[in-house]
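The structure under discussion appears below in the form of structure tokens.
Residue numbers (my numbering), protein chains in the order written: chain U, 1 to 340; chain S, 1001 to 1358; chain C, 2001 to 2337.
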């Protein structure tokens, strides 16, 4: 299946002009982004409020952080369904530490460490024992969420210091242009990930591992090492997202971040990353994040209910894959006819 | 030939997905229609504040829940007379943070007021405070946040007495003796937890019916299958169980359904809080003797009037303020927390259940 | 990794695997029974059978999907959609006979499955992505068709509810349907060419295509079957719970179903899996859910425990598989010298 998939993608690149080949992978999410902005502006006079949209990016940064790390994991040919549960454990740890009087800096550091640790546990089962990542992280999805519930029970932790709460309300340039701090942090992390994937040996190893793990191993790439690092990065980002989310909400419950993994995976795939590995870019993921955000924000401002929002995102996810394939097919057909 | 056919199927699939997409968008706009339609025919005797209609967004916990539909009904029946339009939007799940985008959207839409049935007491506070900063009236309905995050709160009945009431209700259906258990919603549900705590206090005080023993409290997570599993487990664990009390509409229906098909039907009583429409069947077949709730619509009516009053300046929320709700009567914002009790509990049994439809 | 040729070693592996799950089930029953003897009383066992029944119908379908190297994440939403349509038809047209209601639920499910099938088999969208999308789409459709209104118990015919309580020889119809599904699936996977071809597709789709198998057609068929079974599960859901709420019905079932299939030894990468294993895996999941509750394990620990069990199952599976592969390669070395 992945084979045909790749072949169809190649056709787009061969058949089109160079510029088209370059933006080809991003085309679906760009189209979605533009369409959502148009829809939002037409359906609600309140949608095109730039500063409000900027502030609202705060809600998507957590998804974005998870999506960045998931991009690397998926390029490797793996998947991590446990990220949102990992986020909950990291947030719970941070909350309990703050409650017991530990300083917020130490607690935040502990959240990162716990996230990294849980990512390492995933890596241990998947890479160390050679088990499929889909099943292992399906299990740790339940396991980690259960751990968060055991840690917090039915309590909400609320005793965070005032100075820590509300990172999404801090804007970098004051009132002149309300660029929220989380957005800037996200873009910086995205840049780092982009450099990691495109300018380092690790990045190259990821693409090769995802394209053909055996071939990569034979050509001397430490595929086990590469995959394990990706899972740990994913855990680290879950910890970082936990800090952001906790600061935004000012409280922690064991069900925090429930279901974020599906949104994050949707973003990655919409951004053109091949779910079977070997292909994908950080830029694609970033554009897709803003596309999903535009879709959600335009629907919510038009008073569309939650389930319908989810369904629309589902349709877009599928269309984003089908339409380019269809276009490629039609083009192939017409070129064949021309040859005849 | 094959190729041609496949392309055709691809195009057809893509087209059909696009149709689904259009259908989703289409229905969402038609959803708004019923809420807005009455406003356009708003009668002339609109309050002096009149002129442009008041725009109110009500955010229930989630959709498809007949209980919140009844609150919405109360809102919409009161709205035309108050020159008010009510927009109802809700998230897919009742998660702690799922309502936040809807609050933010209401702020962006510059509505006059937000009424919300919060899913979480703390996580929504920052967003609600931002709404208040933007000059939007914020009230909570059927559930509450910290008192400084909203101007007033409407609670269906006196929640501080509800724990005691649930114990007494159990005593009524069991004749005051035997083992009984709570089947609650999620373990994090703030309302249910406060009632459970109230019941514990009442029992600990020694004033509760002496023959009753509370043997367990289990959580069905407001999911029918989990609730049914838990109810079944209660029947198994406690062979002498006299009653299951489920203070949640999902839980009570699941427990009644399990019992109606169990040999223990008649031996074990199910009671608690449920809506008449979902429980009518079990009252009629004798599985359930009596259960209770309140009239959820009343909260919608009071909320609509309260918002109109605050906007017009006739009601200025303050501790122990008394105010008149037209057609309902005198109500009071009790205590520094400004909590308004909508009314008394309503009990349902075979004699009166057919008089209710919600 | 071993391919789908069911050689001697595979037979051994499968037998070891299934004996292992059976042993765990027996151990669990013993532990739960010791901790609380009432776990073993007829009424509680009856309740386990009912909840396992619905799960089983879905798990069998999911096993067939996974065997072909695909996955269906939308099963819970398909169950919800078909339960909703059946509930609404029963409410609004009370004269519709019960068997027809069940067929309607199955037809809705099959239609939903057909969409999944077209997306995966024809449009070549990876199954995990396609069904992740339709998971949300079918849930949204459930809301749209129901107009956000749930179907109440009073609107559900008593004879529908009796499907989960009564039947021939005192066995509820729900259980009989599950047994029929299991029996047909067993016959299909072990006695028919089409059934065996599913394993060939899952082991190596390219090779299967070269051998002239209609990979697309069979994949489509499997998704339609899965949909129809989810529809039957929806009908049984209506019977058992007598309420259909657009948000709740079938929510999260995909996790329980996939867990059951994986615990039952089906390889998530396709090509292997048995009906017996799936049956045992489902029973294990059902016993665990009921038993943990009956012996009073706090709800907080239950999710943790279910995650741990899946992890344990796959680690044990890999361990056994590797031991057998090692022995097999040893034997071949011995034979070759």
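The beta-carbon is built from N, C-alpha and C at its ideal position, and this holds for glycine as well.
It should be emphasised that the depicted structure is a prediction, and the values quoted were computed from it without experimental measurement.
Following the DSSP letters along the chain, one finds residue 1331 (chain S) in no alpha helix (DSSP H) but inside the beta strand (DSSP E) bounded by residues 1329-1334. For residue 83 (chain U), there are no C-beta contacts with chain S under 9 Å, since the nearest C-beta of that chain is about 16 Å from it. Proximity of residue 1155 (chain S) to chain U, defined by a Cβ-Cβ separation below 8 Å, is not satisfied. Residue 1265 (chain S) is outside the set of residues whose beta carbon lies under 8 Å from a beta carbon in chain C.
Out of C:2154, C:2017, C:2098, C:2079, the CA that lies nearest to the CA of residue 2249 (chain C) is found in C:2079. With a cutoff of 8 Å on beta-carbon distance, residue 99 (chain U) and residue 159 (chain U) are scored as near each other. In the DSSP assignment, residue 1140 (chain S) forms a beta bridge with S:1116, S:1153. For residue 1277 (chain S), the closest of S:1324, S:1223, S:1357 by C-alpha to C-alpha distance is S:1357.
In the pairwise beta carbon analysis, the stretch 109-121 of chain U is classified as touching the stretch 229-243 of chain U: at least three pairs are separated by under 8 Å. For residue 2199 (chain C), the enclosing alpha helix (DSSP H) starts and ends at 2193-2203. Residue 2327 (chain C) is classed as exposed because its beta carbon has fewer than 16 other beta carbons within 10 Å across all chains shown. Against chain C, the CB of residue 269 (chain U) has a partner CB under 8 Å away; the residue lies at that interface. For the stretch 299-322 of chain U, the residues whose beta carbon sits under 8 Å from a beta carbon of chain S are, in order, 299, 300, 301, 302, 303, 304, 305, 306, 307, 308, 309, 310, 311, 312, 315, 316, 318, 319, 322. For the C-beta of residue 2303 (chain C), the chain U residues within less than 7 Å are, from N- to C-terminus, 142, 145, 146, 149.
Segment contact: the stretch 1324-1332 of chain S against the stretch 1132-1150 of chain S, fewer than three CB-CB distances shorter than 8 Å; contact not assigned. As DSSP reads the structure, residue 252 (chain U) sits in a beta bridge with U:157. Proximity of residue 2152 (chain C) to chain S, defined by a Cβ-Cβ separation below 8 Å, is satisfied. For residue 1201 (chain S), the enclosing alpha helix (DSSP H) has its first and last residue at 1190-1204.
Here the alpha carbons of residue 2233 (chain C) and residue 1105 (chain S) stand approximately 38 Å from one another. Residue pairing by DSSP places residue 1290 (chain S) opposite S:1349 in a beta bridge. DSSP links residue 1087 (chain S) through a beta bridge to S:1057. Considering only beta carbons, the part of the stretch 1232-1244 of chain S lying closer than 8 Å to chain C consists of 1232, 1233, 1235, 1236, 1237, 1239, in chain order.
Under the DSSP assignment, residue 1269 (chain S) falls in the beta strand (DSSP E) whose first and last residues are 1269-1272. For residue 2158 (chain C), the enclosing alpha helix (DSSP H) starts and ends at 2158-2162.
For residue 2051 (chain C), the closest Cβ of chain S is nearer than 8 Å. Exclusion of the five residues before and after residue 1198 (chain S) leaves 1160, 1162, 1163, 1164 as the residues of its chain whose Cβ lies within less than 7 Å of its Cβ. Not one beta carbon of chain S lies nearer than 8 Å to the beta carbon of residue 2197 (chain C). The beta carbon of residue 1255 (chain S) sits closer than 6 Å to the beta carbons of 1183, 1231, 1244, 1246, 1270 from its chain, once the five residues preceding and following it are set aside; these are given in chain order. Each residue's CA atom was taken as its position, placing residue 1084 (chain S) and residue 46 (chain U) some 19 Å apart. Between the alpha carbons of residue 1208 (chain S) and residue 1238 (chain S) lies a gap of roughly 21 Å.
Among the residues of chain C, none has a CB under 7 Å from the CB of residue 1179 (chain S); the nearest is roughly 14 Å distant.
Taking a Cβ-Cβ cut-off of 7 Å, residue 1149 (chain S) has no neighbours in chain U, whose nearest Cβ is about 11 Å from it. Rounded to the nearest angstrom, the gap between the Cα atoms of residue 2107 (chain C) and residue 2189 (chain C) is 23 Å. In the pairwise beta carbon analysis, the stretch 2147-2167 of chain C is classified as touching the stretch 1280-1289 of chain S: at least three pairs are separated by under 8 Å. Of all residues in the stretch 1261-1291 of chain S, none comes within less than 7 Å of chain U when Cβ atoms are compared. Contact with chain S is found for residue 2038 (chain C), since one of that chain's Cβ atoms lies less than 8 Å from the residue's Cβ.
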